[in-house]
């Protein structure tokens, strides 16, 4: 499984922008790749910085690149 830093580098290299780790966590969670809630999360029901809609495709493309989703 790729780390958050691996995915950030992949998104930067292939899509030309820096992704925030919280965006990657949001996309991983939406695709069922997380198994717990982070201990430092303030609200359990919502995210402070969800992945913007126009960046979600690049984050999902990175997950596909690393074989984490189909």
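Residue numbers (the working numbering): 68 to 137.
Yeah, the Cβ is synthetic: ideal placement off N, Cα and C, and Gly gets one too.
Since this is a predicted model, take the numbers as computed values, not measurements.
Quick one: any contact between the region 80-88 and the region 100-108, if contact means 3 or more CB pairs under 8 Å?
-> no
Considering residue 88, what are the terminal residues of the alpha helix (DSSP H) in which it resides?
-> Residue 88 sits at position 21 when you count from the first residue of the chain shown. Where residue 88 is concerned, the enclosing alpha helix (DSSP H) stretches over 88-97.
Same chain, Cβ closer than 6 Å to residue 75, five either side skipped, listed in chain order | Counting from one through the chain shown, the residue named residue 75 turns up at place 8. Hits under 6 Å: 86.
Other residues of its chain near residue 68: CB distance less than 7 Å, five sequence neighbours each side excluded | Here residue 68 refers to the residue found at position 1 of the chain shown. Taken in chain order, the residues that qualify are 135.
Would you kindly check if the distance between the Cβ of residue 93 and the Cβ of residue 108 is under 8 Å?
-> Counting from 1 along the chain shown, the entry for residue 108 is found at position 41. Counting from 1 along the chain shown, the entry for residue 93 is found at position 26. No; because the gap between Cβ atoms is not below 8 Å, this pair is not in contact.
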